[in-house]
Amino acid sequence: MNGSIKVPTSGQTQLVDITSEVQTAVSDCKINEGFVIVYVAHTTAGITINENADPSVKSDILMHLDEMVPQSGKFRHAEGNSPAHIKASLMGSSATVFIAEGRLCLGTWQGIYFCEFDGPRSRKVWLKIIEG
Ligand code: ZN
Numbered sequence: 123m124n125g126s127i128k129v130p131t132s133g134q135t136q137l138v139d140i141t142s143e144v145q146t147a148v149s150d151c152k153i154n155e156g157f158v159i160v161y162v163a164h165t166t167a168g169i170t171i172n173e174n175a176d177p178s179v180k181s182d183i184l185m186h187l188d189e190m191v192p193q194s195g196k197f198r199h200a201e202g203n204s205p206a207h208i209k210a211s212l213m214g215s216s217a218t219v220f221i222a223e224g225r226l227c228l229g230t231w232q233g234i235y236f237c238e239f240d241g242p243r244s245r246k247v248w249l250k251i252i253e254g
């Protein structure tokens with residue numbers, strides 16, 4: 123089953139917890155066992171799984187990505203958003219999560235994040251939910 127989630131972002135860079143939206147889509151499918159692929163078809167956004175308990179982790183990730191890929195760096199891409207493209211590649215464009223007993227198999231502290239690097243924008247996350 124295919125699905126999608128709309129993700130409006132409010133900052134230039136932002137991690138948005140989409141775990142509950144993904145779980146809702148999985149629950150709507152009424153499958154017991156399988157997996158879901160969470161995918162973004164964007165070149166300046168990504169998907170990652172990380173801690174969703176302490177919000178400092180989110181801000182540390184964004185701060186250190188900024189240090190790794192500074193906005194003021196030397197880039198050839200004329201559009202001016204090279205840092206966003208590079209950060210998107212560092213995060214990756216998808217995550218796969220197992221489903222057991224109708225629930226996402228995430229660790230106690232894990233959440234699924236949409237990673238915005240060139241916002242604010244209205245974004246879309248694709249879901250492919252497979253039973254098995
Ligand atoms: Zn660009």
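Note that the working numbering gives residue 126 to position 4 of the sequence shown, counting from 1, and the numbers run on in steps of one.
Yeah, the Cβ is synthetic: ideal placement off N, Cα and C, and Gly gets one too.
Classify residue i as helix, strand or coil using the three-state DSSP reduction.
i: Q255; result: There is no way to answer for residue 255, as the model of the chain reaches only from 123 to 254.
i: D150; result: helix
i: T135; result: coil
i: T165; result: coil
i: E155; result: coil
Quick check: residue i and residue j, are their CB atoms within less than 9 angstroms of each other?
i: V219; j: I234; result: yes
i: T230; j: A147; result: no
i: T166; j: A217; result: no
i: I169; j: V158; result: no
i: S204; j: G214; result: no
i: I140; j: F236; result: yes
i: I252; j: G125; result: no
i: I171; j: Q232; result: yes
i: A222; j: N154; result: yes
Which two residues bound the contiguous beta strand (DSSP E) that contains residue i?
i: G125; result: N124 to P130
Just to confirm, does residue i get its C-beta within under 8 angstroms of one of the non-hydrogen atoms of the ligand NAP?
i: H199; result: In the structure shown, the ligand NAP is absent; the only ligands present are the ligand ZN.
* To do: Scan the stretch 181-247 and note each continuous alpha helix (DSSP H) run of 4 residues or more that stays entirely inside, going in chain order.
  => 204-213
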